[in-house]
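Novice:
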Amino acid sequence: MTDKKKTSVIIRKILLYITLGIGVILSIFPFYWMFIGATNPSGAIFSVPPNLLPGDFLVENFTNLNENVGIIRVLMNSLIIALTFTFFAVLIAAAAGFAFAKYQFKGRNAIFFTLLLAIMIPYHVMLIPLFQMMADLGWLNTYRAVLLPNLAYPFAIFLMRQNMRSIPNSLLEAARVDGAGEFKIFFQIVLPTMRPALAAVAIFLFMFQWNNFLWPLVVLGDSDMYTLPVALSSLVGMSRVDYGQIMMGTTLSVLPIMIFFLLLQRQFISGILGGSVKE
């Protein structure tokens, strides 16, 4: 390699690293600004020039937020709902995906096609019939009303079905020959093999439920049952908005998602890529 080519390669690498560095800074800065806002009073957030250093109002903002919306109770509500939803929705998606990928039954393609069509239905169209159903069951203002309507999540089932297709049929047949039943095959062979895909679906579903605002707002009437997005929306008043409290609440809402993703990020990437594998 000539000196000119070496110089050209070095320059391209430098430009690439500079571009990536700028991208990283632009990606991280909103989170940094959110944290700065959580540590400052509301008036200091919009000061000119902007204050880019942490303040000393972190405890006060948290205390005021807890007094106004009961943030500890709200966080517990959101965690209970999001974790419970994620566990059962992942299990349902895995079971349905396995059935669509590995079992032959009448109407399989038609049912799967209908499932894909369900992804295209605007969520707002289903609000009124779902609300009426929850009211008829007497489930309004309960965890069940928030959890049950979306447990069989179409996109999660689709993603699991695509990943399940990569499991060799010979492996399943060998297990059946050895006397394993279908439940044993599913729980002891299929699910351990699908750990990356399960992690990807779990992250997606956890984020969906954790950030879900409209449906909990519709079915939860008691402030003691509010989830975090609904509780934070109540901080926006007609005359005065305390942005320090909003930034504190937003920071608390982002932390669980970041922790959940960081714990499962490797499996998430592997699971997303696994969906492209075909038989």
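Residue numbers (the numbering used here): 2 to 280. For each residue, glycine too, the CB sits at the ideal point set by N, CA and C. Quick caveat, the model's predicted, so the values are computed rather than measured.
Which of helix, strand or coil does DSSP assign to G276?
Specialist: Low confidence applies to G276: its pLDDT is 47, below 50, so where it sits in the model is not reliable enough to give any reading.
Novice: With the cut-off set at 9 Å, would you say L59 and A39 are in Cβ contact?
Specialist: Yes.
Novice: Rounded to whole angstroms, what is the Cα-Cα separation between T143 and L84?
Specialist: Their backbone Cα atoms lie some 16 Å apart in a straight line.
Novice: With DSSP collapsed to three states, give me the class of Y104.
Specialist: Coil, per DSSP.
Novice: Under a CB-based cut-off of 9 Å, is I19 close to chain D?
Specialist: Considering every chain present, this structure includes no chain D. It has just one protein chain.
Novice: Could you have a look at N170 and say whether DSSP puts it in helix, strand or coil?
Specialist: Reduced to three states, the DSSP call for N170 is helix.
Novice: Among L236, M127, L128 and N164, which has the Cα closest to the Cα of A97?
Specialist: For the residues L236, M127, L128 and N164, the minimum Cα distance to A97 belongs to N164.
Novice: Which residue comes first and which comes last in the alpha helix (DSSP H) that contains D137?
Specialist: Its alpha helix (DSSP H) spans residues L128 to L138.
Novice: Report yes or no: do three or more beta-carbon pairs, one from the stretch 185-195 and one from the stretch 234-251, lie closer than 8 Å?
Specialist: Touching, no.
Novice: Using 9 Å as the threshold, is the C-beta distance between V220 and V147 below it?
Specialist: In this structure, V147 lies closer than 9 Å to V220 by Cβ.
Novice: Does the beta-carbon distance from A203 to T87 come in below 9 Å?
Specialist: Closer than 9 Å, so yes.
Novice: If you reduce the DSSP assignment to three classes, tell me which class N78 lands in.
Specialist: In this structure, N78 counts as helix in the three-state DSSP scheme.
Novice: According to DSSP, is V49 part of a helix, a strand, or is it coil?
Specialist: Coil.
Novice: From what residue to what residue does the alpha helix (DSSP H) around Q163 run?
Specialist: Q163 -> alpha helix (DSSP H) spans P155 to M165.
Novice: Determine the direct distance from the alpha carbon of V231 to that of F99, and round the result to whole angstroms.
Specialist: So the alpha carbons of these two residues sit roughly 35 Å apart.
Novice: Thinking just about the alpha-carbon of each residue, which of E61, F187, Q210 and I168 is nearest to the one in T153?
Specialist: Inspection of the sequence shows that residue 153 is occupied by Ala rather than by Thr. Looking at the Cα atoms, Q210 is the closest of the given residues.
Novice: What three-state label does DSSP hand K14 in the structure shown?
Specialist: Looking at K14 - three-state DSSP - the assignment turns out to be helix.
Novice: Going by CA-CA distance only, name the one from R162, L54 and D243 that's closest to R109.
Specialist: Closest by alpha carbon: R162.
Novice: Using a Cβ-Cβ cutoff of less than 6 Å, which residues in the same chain neighbour N78 once the five nearest sequence positions on both sides are dropped?
Specialist: Once the five neighbours on either side are set aside, the close Cβ partners of N78 are T228.
Novice: Out of P123, G222, F187 and V178, which has the shortest C-alpha to C-alpha gap to A136?
Specialist: Among P123, G222, F187 and V178, the Cα nearest to that of A136 belongs to G222.
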